[in-house]
Every structure is written in C-alpha cells, then in structure tokens.
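Please read the structure below before turning to the comments.
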Amino acid sequence: MTYAEIRSAGKPRRKRLSHAAIEPWLYLSPAIILLVVVLLVPLVIGISYSFRKFSAFKSEYVGLGQYQAMLSDHVLGQALVNTLWWTVASLFFQFFLGLGLALLLDKPFRGRKLVQALVFLPWAVPSFLSGLTWAWLFNPIIGPLPHWLFALGLKAEPTNVLSDPSTAMWGPIVANVWFGIPFFAITLLAALKSIPSELHEAAAIDGASPWQRFTKVTLPFLAPTIAITVMLRTIWIATFADLIFVMTEGGPAGSTNTVPVYIYVSAFKSLDKGYASAVAVLLLVLLIAYAIALIAIRRSLVRHV
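Using UniProt numbering, read the sequence shown as starting at 1 and increasing by one per residue.
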C-alpha cells in the first residue's frame, strides 16, 4: 500500500473521531445556552454594575468606589451580623427538627402517611403567604401567639414580637424554621430509606445500643446527604429576603435588616443599583468561600474515615 493510499484511508477515521468529539457538545448545547443566558449573562451584568454609579438619568464609571464605600457603611456591617444570626439560627433548628422528623417517619406507625402530608405541607406554601400568615400570628390584635407567650410567662404583656428590636429577629426565624423543616425531612428520610436494614440488625445482634446504632451506622450513611443539604440550605437562607421583607421590611430600627433585604432596599427603594450590585458581589464571594471551605472539610473527613 502506497503512502497516498494510507493517508486517504486515515481521513475517514479522523473524520469519525472529530464527529464523536463534537457530538456530545451538540446534545449539551441547549442546556449550555440556557445556563449562559440565565446565569452567566446576568452575573456579568450585575458585576459590571458594581463599578458604576447610577443616578436618575445617567450612570458613570467609578471603579472600586462602591466597594470603598462599603468599608465605612455601618448599616451594612449590622446587616452582615444579622445575616449570620438569621442563617445560623434558622439552619440549626431546621436541621435538627428535620432530622428528628425524618427518623420518626422512617419508623412504621399508624397514620404515618397523614403525618407525612402535614410535615411536607409548609414546603408547598409560597414564602410570601407564609410570611404574611406568621406576621398575623404575631399580631396581638388578631393573632394568638402573643397571648400564649403571655400565658406561659415568657412575656410581661401580649405585645407584638416583631415590634421589639431585641426580639424582632425571632419572628422571621420561627417562620423560616416552619417553612424549611420539610426540606431536611424529605432529603434525610430518602437517605434513611437507602440504608440496608441488615446493618442495623447486625449491630443490634452484636449488642449495640440505639444511640450506638445511630452514631455508628446511621450517621455515616447520612453524612454525604447532610453535607450537601446543609450547604445548599445555608446558601438559600443567606440569600432569602422574601420572608423578612414581608414580615418586618428590615425593621424595627434595622434589627432584622439582612444583606439580601439591604440589597433590595438599595436597588429598588434608594434606586442605587451600583451599590446594591457591589453588596451582592460581596455576598456572592462570602458564600463561595463558605462552599469551598465546607467541601474541603467534607473531603478531609472522607479521607480519614
């Protein structure tokens, strides 16, 4: 076979290889285009806004001026503290109550399906309606909660929790815990169903107590699910503005003003889109750093198991 024949025979093979390399990207192209249009383009535009100063009829480039202004913004500093408090408290109660419900629903008992429907119901309620309902419940004129707290001796008089700066944050936290428990209950229940029952039976035969079976068998199987759900839920809570804005609008006296609420107020009430974009970029960087740290911790724990 001559060199020309060998070269001509290799062309169809190279052509097939090139088609095989391109074909997967053709199938993925609709999803890639959608991600670029929906996620990447707005992200780039939002970051570019953070370098500009907007007024009623024009905008001008100010470089890092918006970021320098954040260094002396005491309202933003308080909003960061409020966001940390709001996120940690909501996540703590959501996770442990959701885990408890998942463990309960994993056991057979009479009326379990009805309990499952009631537990998962808050997740189906729109956040706007959830915040409005809880705001009514905390209102002493039309809601029972202030009177119950007064009857239990937890309050000196039946006043609105949301009107006191020292207790106002607990109102949205309680509403958010009620709203977010089903997320952990659903995901952790699904993970519990995947644990082989033979492992629990073998541990019981070996004389392990219920607590030992939970810590040595159940928790190791739940660890990957717990890591991803805690990370996702933390990000969702930290960027969640609907519930707080409906219930308190960040008040009273800024006691419930979180970073997402501050971004909304800066962009749509103060009409300062540039500064709002800069604060949003700050929140994005903090959440990315948190996600990277959590993933690194999870990988280190997996290596030592």
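C-beta atoms are modelled at their ideal positions from N, C-alpha and C, and glycine is treated no differently.
Look at Ile262 and Val81 and say whether their C-beta atoms are less than 8 Å apart. Just to set this straight, residue 262 is Tyr in the shown sequence, not Ile. For the pair Tyr262 and Val81, the CB atoms are not nearer than the 8 Å cut-off.
For Gln66, the nearest candidate out of Leu26, Gly250, Leu282 (CA to CA): Leu282
Nearest-angstrom Cα separation, counted from Ile32 out to Glu23: For Glu23 and Ile32, the distance between alpha carbons rounds to 14 Å.
Chain-order list of residues whose beta-carbon lies under 8 Å from that of Phe120 (same chain, five-residue window excluded): Pro182, Ala185, Ile186
Residue environment, residue 308, which counts as buried when at least 16 other CB atoms sit within 10 Å: What is shown of the chain runs 1 to 305, which leaves residue 308 out entirely.
Secondary structure at Ser270, three-state DSSP: helix, strand or coil? coil
With distances taken from CA atoms, which of Ser277, Pro144, Asp106, Gly254 is nearest Pro196? Asp106
Leaving out the 5 sequence neighbours to the left and right, which residues in its chain are closer than 8 Å to Ile6 when beta-carbon positions are compared? The pLDDT assigned to Ile6 is 46, lower than 50, so where the model puts this residue is not dependable; a value taken from the coordinates is nonetheless given after this. Excluding the 5 residues flanking it on each side, Ile6 has no same chain C-beta neighbour closer than 8 Å.
Here's the rule I'm using: 16 or more other beta-carbon atoms within 10 Å means buried, otherwise exposed. How should Phe138 be labelled? buried
I believe Pro165 touches Met247 by the beta-carbon criterion, under 8 Å. Please report the beta-carbon distance rounded to the nearest angstrom. The Cβ separation is near 14 Å, so there is no contact.
What residue from Trp236, His200, Ala241, Ala89 has the CA that sits closest to Leu287's CA? The shortest C-alpha to C-alpha distance from Leu287 to any of Trp236, His200, Ala241, Ala89 is the one to Trp236.
Evaluate contact between the region 270-278 and the region 48-67, counting only Cβ atoms and requiring at least three cross-stretch pairs below 8 Å. yes
Below 8 Å between beta carbons: does that hold for Ala291 and Pro260? no
Residues in the same chain with beta-carbon distance under 7 Å from Ser90, minus the five sequence neighbours each way, listed in chain order, please. Ile173, Asn176, Val177, Gly180, Ile237
Neighbourhood of Arg233 by C-beta, 8 Å cutoff - its chain only, sequence neighbours within 5 removed: Leu91, Gln94, Phe95, Gly180, Phe183, Phe184
Would DSSP call Ser166 helix, strand or coil? Looking at Ser166 - three-state DSSP - the assignment turns out to be coil, as it is neither helix nor strand.
Taking C-beta to C-beta, are Thr258 and Thr83 nearer than 8 Å? yes
Burial state of Phe245, where buried means 16 or more other Cβ atoms lie within 10 Å: buried
Leaving aside the five residues before and after Gly10 along the sequence, list all residues of the same chain whose C-beta is less than 8 Å from its C-beta, in chain order. Only weak support exists for where Gly10 lies, its pLDDT of 49 falling under 50; the coordinates are left without a value.
Within its chain, find whatever has a CB closer than 7 Å to the CB of Leu284; leave out the 5 residues flanking it on each side and keep chain order. none
Please check the pair Ala227 and Arg213, which I expect to be a contact at CB under 8 Å, by giving their CB distance rounded to whole angstroms. Not really, about 21 Å apart at Cβ, beyond 8 Å.
Have a look at the DSSP bridge pairing and note the partners of Glu60. In DSSP, Glu60 forms a bridge with Lys53.
Please check the pair Ala168 and Ser255, which I expect to be a contact at CB under 8 Å, by giving their CB distance rounded to whole angstroms. 5 Å
Whole runs of the alpha helix (DSSP H) within the region 79-125, excluding any shorter than 4 residues: 112-124
With a 10 Å radius around its C-beta and 16 neighbouring C-beta atoms as the bar for buried, classify Trp211 as buried or exposed. exposed
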